[in-house]
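K.L.:
Chains as they are written, first to last, in my numbering: chain A, 18 to 169; chain B, 18 to 169.
Here's a structure for you.
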DNA sequence: CCTTAAAATGAAATTGAATTTCATTTTCAA
DNA sequence: TTGAAAATGAAATTCAATTTCATTTTAAGG
């Protein structure tokens, strides 16, 4: 259930002097109830099923707002598409991406974080965030590797 | 000296049935002789100093060609800009990026690679490539952290 | 329940980098 | 030397991202 997130959203909204609208809550609702890593067109398509009157611009602006508030994360993987992912508090993870079927798997690896800190220290950096993506074939695509490729 | 790279380029070119042109070698020359992580506009600006007749499109196409041949690597960091980096054979590295001054540092960490393989194995993936970027403040920007920020 | 200033909406317009088109020029193998 | 294939460069196109602007909606204060 997203009542919690929904309330968090409303609190943040009013704290910023912004306003709660039907559109915003519909968009948030759709966004939170679909699988992660969606592009704007996909989100817009789903939103218009709920309310066909909502404009693309509003979806765009709402996702941007959600990102600013930390409720969404914007991702750009190697294919160049812009995607949005719900961002429940304290969730952090990296991605495994299949270059054949497009499957995206999230993973979390503590050892990775500490290794990153070690590297940062070596160069005198203070790290706030990172991006880490592994590209290859997923299990089922590996076994089909010799068959026709989906791209190129 | 880039005579080596330049020859490698000519060999690859003819092997593909493509042609050596003055423009291509001028662009390659400029590209290899400047610091890494340049965007197209920067490369174009430098190229036109050598030969003002060269068109933007040709620079664009040549960088695309170099990328296809593996002599260049295209990078998109979190700022969304497209950059190109020379790619001498066997060079692989990741990046530390300063969010304040924009400095980009390359690093290589074997432990990272093996950790990645371990993760891939866990999910049944075969990894071909990865992307790993650490964002934060570099040493000198960390010490200026309290002063005016460069952005936002 | 009103009023109204501030914010939100949505259709349309704009932007800007990436990419393509096309007429002309250049390369290079025979 | 020649001609087919490739390259060039200016201009046009594409397309997602973003902005504009007239209109509508929200919500805080009376």
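Cβ coordinates follow ideal geometry from the N, Cα and C atoms, glycine included.
For the structure I just gave you, are there three or more beta carbon pairs, one from the segment 131 to 148 of chain B and one from the segment 148 to 161 of chain A, closer than 8 Å?
P.N.:
Taking 8 Å as the limit for Cβ pairs, the verdict is that the segment 148 to 161 of chain A does touch the segment 131 to 148 of chain B.
K.L.:
May I ask which residues mark the beginning and end of the alpha helix (DSSP H) holding residue 156(A)?
P.N.:
Mapped onto the first chain, residue 156(A) falls at position 139. Its alpha helix (DSSP H) spans residues 156 to 159.
K.L.:
First and last residue of the alpha helix (DSSP H) that includes residue 140(A)?
P.N.:
Stepping through the first chain from its first residue, residue 140(A) is reached at position 123. Here residue 140(A) belongs to no alpha helix (DSSP H), and DSSP marks it neither H nor E.
K.L.:
Could you name the residues of the segment 130 to 143 of chain A whose beta carbon sits closer than 7 Å to any beta carbon of chain B, in the order they occur along the chain?
P.N.:
Residues 132, 133, 136, 137, 140, 141, 142, 143.
K.L.:
With a 10 Å radius around its C-beta and 16 neighbouring C-beta atoms as the bar for buried, classify residue 45(A) as buried or exposed.
P.N.:
Translated into the one-based positions of the first chain, residue 45(A) becomes position 28. So residue 45(A) ends up on the buried side.
K.L.:
In chain order, what residues of the segment 148 to 160 of chain B put their CB closer than 7 Å to some CB of chain A?
P.N.:
Listed by position along the chain: 148, 149, 150, 151, 152, 153, 154, 155, 156, 159.
K.L.:
Check residue 93(A) in the structure and name its three-state DSSP category.
P.N.:
In the first chain, the residue the question calls residue 93(A) occupies position 76. Strand.
K.L.:
What number of angstroms, rounded off, separates the C-alpha of residue 63(A) from the C-alpha of residue 136(B)?
P.N.:
Position 46 of the first chain, counting from 1, holds the residue named residue 63(A). Position 119 of the second chain, counting from 1, holds the residue named residue 136(B). Straight-line Cα distance between these residues: approximately 33 Å.
K.L.:
Taking a cut of 9 Å between CB atoms, which residues from the segment 94 to 110 of chain B lie near chain A?
P.N.:
Answer in chain order: 94, 95, 97.
K.L.:
Taking only three categories from DSSP, how would you classify residue 98(A)?
P.N.:
Within the first chain, numbered from 1, the residue matching residue 98(A) stands at position 81. Residue state, collapsed to three classes: coil.
K.L.:
Grouping DSSP H, G and I as helix and E and B as strand, with all else coil, what is residue 45(B)?
P.N.:
In the second chain, the residue the question calls residue 45(B) occupies position 28. Helix at residue 45(B).
K.L.:
Give the residues from the segment 114 to 131 of chain B that approach chain A closer than 8 Å (Cβ to any Cβ), ordered along the chain.
P.N.:
So the list reads 115, 116, 122, 124, 126, 128, 129, given in the order they occur along the chain.
K.L.:
With C-beta atoms as the reference, is residue 84(B) less than 8 Å away from residue 41(B)?
P.N.:
By 1-based counting over the second chain, the position of residue 84(B) is 67. By 1-based counting over the second chain, the position of residue 41(B) is 24. No.
K.L.:
With residue 71(B) as the anchor, note down where its alpha helix (DSSP H) starts and where it stops.
P.N.:
As a working mapping, residue 71(B) is identified with position 54 in the second chain. Element bounds for residue 71(B): n/a, residue is neither H nor E.
K.L.:
Under 8 Å Cβ-Cβ, which residues of chain A neighbour residue 145(B)?
P.N.:
On the second chain, residue 145(B) is found 128 positions in, with the first residue counted as 1. Simply 116, 152, 153, 154.
K.L.:
Near residue 134(B), which residues of its chain fall below 8 Å by C-beta distance, leaving aside the five closest residues on each side in sequence?
P.N.:
Your numbering for residue 134(B) matches position 117 in the second chain. Result list for residue 134(B): 144, in chain order.
K.L.:
Rounded to the nearest angstrom, what separates residue 8(A) and residue 21(B) at their Cα positions?
P.N.:
Summary: the structure shown does not reach residue 8(A), with chain A confined to residues 18 through 169, and so no result is reported for it.
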